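*Asks:* One structure follows; several queries about it will come next.
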Amino acid sequence: MYAQMVDTGLKTVRTDDNMSEQEREFQARIDAGVKIEPKDWMPEAYRKTLIRQISQHAHSEIVGQLPEGNWVTRAPTLKRKSILLAKIQDEAGHGLYLYSAAETLGVSRDELLDALHSGKAKYSSIFNYPTLSWADMGAIGWLVDGSAIINQIPLCRCSYGPYSRAMIRVCKEESFHARQGYDIMLALCRGTPEQKQMAQDALNRWWWPSLMMFGPSDADSVNSAQSSKWRIKLFSNDELRQRMVDQTVPQAEFLGLTLPDPDLKWNAERGHYDFGEIDWSEFHNVLKGNGPCNKERLRTRVKAWDDGEWFRDAMVAYADKQAARKSAA
Ligand code: FAQ
Numbered sequence: 001m002y003a004q005m006v007d008t009g010l011k012t013v014r015t016d017d018n019m020s021e022q023e024r025e026f027q028a029r030i031d032a033g034v035k036i037e038p039k040d041w042m043p044e045a046y047r048k049t050l051i052r053q054i055s056q057h058a059h060s061e062i063v064g065q066l067p068e069g070n071w072v073t074r075a076p077t078l079k080r081k082s083i084l085l086a087k088i089q090d091e092a093g094h095g096l097y098l099y100s101a102a103e104t105l106g107v108s109r110d111e112l113l114d115a116l117h118s119g120k121a122k123y124s125s126i127f128n129y130p131t132l133s134w135a136d137m138g139a140i141g142w143l144v145d146g147s148a149i150i151n152q153i154p155l156c157r158c159s160y161g162p163y164s165r166a167m168i169r170v171c172k173e174e175s176f177h178a179r180q181g182y183d184i185m186l187a188l189c190r191g192t193p194e195q196k197q198m199a200q201d202a203l204n205r206w207w208w209p210s211l212m213m214f215g216p217s218d219a220d221s222v223n224s225a226q227s228s229k230w231r232i233k234l235f236s237n238d239e240l241r242q243r244m245v246d247q248t249v250p251q252a253e254f255l256g257l258t259l260p261d262p263d264l265k266w267n268a269e270r271g272h273y274d275f276g277e278i279d280w281s282e283f284h285n286v287l288k289g290n291g292p293c294n295k296e297r298l299r300t301r302v303k304a305w306d307d308g309e310w311f312r313d314a315m316v317a318y319a320d321k322q323a324a325r326k327s328a329a
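Taking UniProt numbering as reference, the numbering of the sequence shown is continuous, increasing by one, and the terminal residue is 329.
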């Protein structure tokens, strides 16, 4: 069906000339801004791309609970503890909306979780870094949730209905997360010199990994061309990364913190901040499973899954019993 494709040098992209009638109609619907719904016909590659991206996204939300979970018992006040708990709980909810959206594409949750637990599935590189101090809770909310929002606001308008609708609620909650993170940073920066130093140290460690969240540079992004054509991606990795830098620099200035990049400077001609080269070898190393916490994160997830088996079994047994009662009545 997809007989001929154009080789972009990265990954093949379907061209208008070589599409079947059905594919052309599908592309026309996307170009007209009509949402694709689960029961609509879709090219197999569109379905697979969405399953890949949505499930990676769901796994990121679930694994993303772990770095912050590390600080629940050590939050400095009851109020901070309640806020952190609520945030972590929100991330679990995001994972659930996203697994549900992926399931509408004909894949089961068990298959998705198997892929995560066996180490086959990817999740965001950012969650393979350790959380060493309370200031990391501020840096994660400010920078990681901040980056997540920048990436996810456009996804509210993506072509696949269930994904775009899930994103609307997710983005609302992410905004609260980013604000609470900035509020932690603000409190630390207005505190003692030691507290301000903690905030600076967290910023130093989380800045570059946050920029890596947006994925490889456009020149190296294998999936971007086709995903843009299908309106799964509305902006490129580099465009969104630039947006994050432009948005964050004044916020760091307000905090009185220094971004750990000697090449960062305003470029009046471009109307954007120029910034230094990202260490892509670190990014690829983390993706290969060799980040500081990859093994620990996976081990924790697998243990949580195994420990929950009795509960899942009990729920299924109860549901079976109810169904048997109903059919006997
Ligand atoms: N980490 O060709 P591209 C959050 C992979 S949610 C790991 O550019 P694509 C909330 C990519 O999968 C954060 N892998 O790929 C929260 C592909 O591999 P594959 C997650 C990465 O898909 C906050 C390969 O590299 N957000 O933070 C990364 O077109 C706080 C080539 O890349 C989403 O998932 C990475 N950073 O663009 C929770 C948003 N970047 O599959 C708790 C939805 C790239 O071909 C606490 N996803 N890769 O083997 C997306 O927008 C896209 O998937 C991108 C990547 C932009 C991430």
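Beta carbons: idealized from backbone N, C-alpha and C, even for Gly. Bear in mind the structure is a predicted one, so any value in this text is a computation, not a measurement.
(1) Using three-state DSSP, classify Val13 as helix, strand or coil.
(2) Under a Cβ-count criterion, where at least 16 other Cβ atoms within 10 Å of its own Cβ denotes burial, should Ser20 be classed as buried or exposed?
(3) For the region 165-247, which segments carrying the alpha helix (DSSP H) assignment without a break, of at least 4 residues, lie completely within its bounds, in sequence order?
(4) Starting from Tyr99, trace the alpha helix (DSSP H) in both directions and tell me its first and last residue.
(5) Cβ of Leu84 within 7 Å of Cβ of Ala92?
(6) Using 8 Å as the Cβ pair cut-off and three pairs as the minimum, do the region 116-126 and the region 51-63 touch?
(7) With a threshold of 7 Å on Cβ separation, who are the neighbours of Asp238 within its own chain once the five nearest residues in sequence on each side are excluded?
(8) Distance, Cα to Cα, Glu309 vs Val316?
(9) For Gly261, collect the residues of the same chain with a Cβ closer than 6 Å to its Cβ; drop the 5 residues on either side in sequence, then sort them by chain order.
(10) Are Ala187 and Asp145 closer than 7 Å when you measure CB to CB?
(11) Going along the chain, which residues of its own chain have a beta-carbon closer than 6 Å to the beta-carbon of Arg299, five neighbours each way excluded?
(12) Cα-Cα, which of Leu234, Arg312, Val249, Phe254 is closest to Asp263?
(13) Tell me whether Asp313 is buried or exposed, calling it buried when 16 or more other Cβ atoms sit within 10 Å of its Cβ.
(14) Using a threshold of 6 Å, is the CB atom of His57 nearer than that to any non-hydrogen atom of ligand 1?
*Replies:* Reading off the structure:
(1) Indexing the sequence shown from 1 puts residue 13 at position 13. Three-state DSSP puts Val13 in a strand.
(2) Translated into the one-based positions of the sequence shown, residue 20 becomes position 20. With fewer than 16 other Cβ atoms within 10 Å, it is exposed.
(3) 193-212, 224-229
(4) What you label residue 99 is simply residue 99 of the sequence shown in a count that begins at 1. Unbroken alpha helix (DSSP H) run through Tyr99: 78-103.
(5) Here residue 84 refers to the residue found at position 84 of the sequence shown. Here residue 92 refers to the residue found at position 92 of the sequence shown. No. Outside cutoff.
(6) yes
(7) Reading the sequence shown from its first residue, position 238 is the one you call residue 238. The residues are Ser217, Asp218.
(8) By 1-based counting over the sequence shown, the position of residue 309 is 309. By 1-based counting over the sequence shown, the position of residue 316 is 316. For Glu309 and Val316, the distance between alpha carbons rounds to 11 Å.
(9) Numbered from its first residue, the sequence shown carries residue 261 at position 261. It is Asp, not Gly, that sits at residue 261 in the sequence shown. Here the set comprises Phe275, Gly276.
(10) Here residue 187 is taken as the residue at index 187 of the sequence shown, counted from 1. Here residue 145 is taken as the residue at index 145 of the sequence shown, counted from 1. Result no, Cβ atoms of Ala187 and Asp145 do not sit closer than 7 Å.
(11) Along the sequence shown, read from residue 1 onward, the residue named residue 299 stands at position 299. Hits under 6 Å: none found.
(12) Within the sequence shown, the letter at position 263 stands for residue 263. Nearest of Leu234, Arg312, Val249, Phe254 to Asp263, Cα basis: Val249.
(13) The residue labelled residue 313 in the question sits at position 313 within the sequence shown. Classification of Asp313: exposed, given that the 10 Å Cβ count is below 16.
(14) By one-based count along the sequence shown, residue 57 stands at place 57. Indeed, a heavy atom of ligand 1 lies less than 6 Å from the Cβ.
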